[in-house]
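Below: one structure, written as structure tokens.
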Amino acid sequence: MRSPGWAAVKGAGAGGANLLAVRSHNTALVLDLLRAAGAGGVSRLELAERTGLTPQAVSKITARLREEGLAAEAGHRASTGGKPRTLLRLVPEAGHAVGVHLDRDGVRTVLVDLAGTVVAQRWAPADFGVGAEGVVELVVREVTAGVASLEAAEGPSRSDGGDRGGLGGAAPLGGAGPLGVSALAGSDVGVSALGVSVLGVGVALPGPLDHLRGVLHRVTGFPEWDGFPLRDALARRLGVPVVVDKDTNAAALGLALGGAAGGSGSSFAYLYFGTGLGAGLVLGGAVHRGARTGAGEFGHQVVQWGGPLCGCGDRGCVEALCLAAVARGDLPEAGRVLGVGAANLVALLDVDLVLIGGRTVTEAPEPFLRGVTEVLDARAHRTGEPPLPVRVAAGGVADGAAQLVLAPVFGRADD
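Residue numbers (the numbering used here): 1 to 415.
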């Protein structure tokens, strides 16, 4: 059941979407420090010092978190004077977030705990061409089956605060147990009716879209999706808050929170090459979406006038050229074209780092890493600037989608 410590707040969280929010900013600060401390825990005195709160305020917050099952004792530490200090830790299994990566040909679903650890995952084929209602039905089925499978795997241990029943890593989401796919398919019971505490569902998919309202625009190649209120449709069916964002933004958020670019104020571009090509931009430590969630449409910059037709209706786009090169097996050429687009982006934004990822890149990273690096190195030589680091990114879109839900809980929302 949903922990009483969370409240559904309309307009709260990332992008104004309906998200579960903690009672106060101070509670979020304490939760974030508990999460960072890990299993070893942290004392109330240290929490007061790091947050700037009074010891009395910290005591009240941590008492409430313990009562609600979000924090627990983690042992004691010797004190320089007086009795030993009690250490507190976050209880990761007290809440979960679902991350959904909805791509043109498949949907990947992950269930993560409060520490951000993936405890279950699933993939199923999908087809945007079946229409909005069919895709919504698929997402509902995948999410509810995954949450139900974790409940079945953990069994009664959830109610008494025990361990996960020996999951020992990411379990496959599926229809195990009496609450599997067959029991939930086509049902509006929603994940809020199950025993696993789900704070919300983050959904990431190709743009363009309006992440503030959770409404899709003309998804490249699928104009019939234009104007579909995906967030509200899923929230009604699932019974928990839902936030929707572009796949590249979600991935960039996950990478930023994971420290991919170092300092909190750093800037990087994440070039995502899967079934399409886009970019997630982190500027000054925050995801840059633009006024209409239109930033990062990296794949649709024209680099060859009169070139091949792109799915967006233009010609000579980076995406069309890269996809054509991959289709004919010329990965080095695809890497060079990706590098040309990256050089344009670097010249415009002057970022600190370029990360590349996505299914097409991870299947054969070397030619893409080499191609982008060579083009950017040549640009740096011409301009006299130091070479810009280029790395293959670790982490997936679905993981980042789950962070769309978790980040505001810990006071880490980027807007």
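We put the CB at the ideal spot given by N, CA and C, even for glycine.
Best match in Ala342, His101, Cys317 for proximity to glycine 400 [C-alpha to C-alpha] = His101
Arginine 85 and glutamate 73: beta carbons closer than 9 Å?
-> Between arginine 85 and glutamate 73, the CB-CB gap reaches or exceeds 9 Å.
Do you know offhand how far proline 332's Cα is from valine 351's?
-> 24 Å
Phenylalanine 268 (DSSP reduced to helix, strand or coil) | strand
Roughly how many angstroms lie between the CA atoms of leucine 309 and leucine 53, to the nearest whole one?
-> 59 Å
Closest Cα partner of leucine 212 within the set Pro386, Gly221, Gly202 | Minimum Cα distance to leucine 212 is reached at Gly202.
Identity of the residue in Leu283, Pro241, Gly339, Leu230 nearest alanine 256 by Cα = Leu283
Pair within 9 Å by beta-carbon distance, valine 91 and glycine 75 = no
Residue from Val397, Ala347, Ala342, Thr383 whose Cα sits closest to the Cα of glycine 371 | From the listed residues Val397, Ala347, Ala342, Thr383, the smallest Cα separation to glycine 371 is found for Ala342.
Extent of the continuous alpha helix (DSSP H) run through threonine 427 | Shown here, the chain extends from 1 to 415; a query on residue 427 therefore has no answer.
Whole-angstrom Cβ separation of valine 318 and valine 287, contact assumed at under 8 Å?
-> Going by Cβ atoms, the distance from valine 318 to valine 287 rounds to 21 Å, so no, they are not a contact pair.
Based on Cα-Cα distance, which residue from Gly329, Pro223, Leu271, Gly285 lies nearest to glycine 129?
-> Pro223
Compare the C-alpha of valine 98 against each of Glu142, Gly339, Ala378 and name the closest.
-> Glu142
Euclidean distance between Cα positions of valine 397 and lysine 83 | 47 Å
Which residue from Leu45, Asn26, Ala252 puts its Cα closest to that of tyrosine 270?
-> When only C-alpha atoms are compared, the closest one is Ala252.
Using 10 angstroms around the beta-carbon of serine 43, count the other beta-carbons present and answer buried if the total reaches 16, otherwise exposed.
-> buried
Mind listing, in chain order, the continuous beta strand (DSSP E) runs of no fewer than 3 residues lying wholly within the region 194-274?
-> 198-205, 242-246, 268-273
Other residues of its chain near threonine 362: CB distance less than 8 Å, five sequence neighbours each side excluded | Val392
Along the chain, where does the alpha helix (DSSP H) that runs through proline 84 open and close?
-> It is not in any alpha helix (DSSP H) - proline 84 carries neither H nor E in the DSSP assignment.
Segment contact flag, the region 378-389 with the region 299-314, C-beta cutoff 8 Å, min 3 pairs = The region 378-389, when compared against the region 299-314, does not touch it at the 8 Å Cβ threshold.
When the Cα atoms are used, what is the spatial distance from glycine 161 to arginine 66?
-> Legend: pLDDT at glycine 161 = 36, less than 50; position of this residue unreliable, no value from coordinates given.
Which of the three DSSP states, helix, strand or coil, is assigned to glutamate 366?
-> helix
Under the criterion of a Cβ to heavy atom distance below 8 Å, does serine 149 qualify as lining the ligand ZN?
-> In the structure shown, the ligand ZN is absent, as is every other ligand, since no ligand is present at all.
Reference aspartate 127, options Val107, Gly306, Gly307, closest by Cα = Val107
Anyone know if the C-beta pair for leucine 111 and alanine 94 falls short of 9 Å?
-> no
Go ahead and label proline 389 buried or exposed: buried means 16 or more other beta carbons lie within 10 angstroms of its beta carbon, across all protein chains shown.
-> exposed
Through-space distance from alanine 325 to alanine 334, alpha-carbon basis = 5 Å
Through-space distance from leucine 353 to leucine 281, alpha-carbon basis = 11 Å
Selection from Val136, Pro367, Gln121 that minimises the alpha carbon distance to serine 149 = Out of Val136, Pro367, Gln121, Gln121 has the C-alpha closest to the C-alpha of serine 149.
Out of Leu277, Leu355, Asp330, Cys312, which has the shortest C-alpha to C-alpha gap to glycine 259?
-> Leu355
Who are the Cβ neighbours of alanine 364 in its own chain at under 6 Å, not counting the five residues just before and after it?
-> Excluding the 5 residues flanking it on each side, alanine 364 has same chain C-beta neighbours closer than 6 Å at Leu331, in chain order.
Is the Cβ-Cβ distance between glycine 214 and valine 242 less than 9 Å?
-> Taking 9 Å as the Cβ cut-off, glycine 214 and valine 242 qualify as a contacting pair.
C-beta contact flag for valine 244 and valine 198 at 9 Å = no
Which residues bound the alpha helix (DSSP H) around arginine 336?
-> 331-349
Buried or exposed by the 16-neighbour rule on C-beta atoms within 10 Å, applied to histidine 25 = exposed
Do you know offhand how far glycine 384's Cα is from alanine 204's?
-> 38 Å
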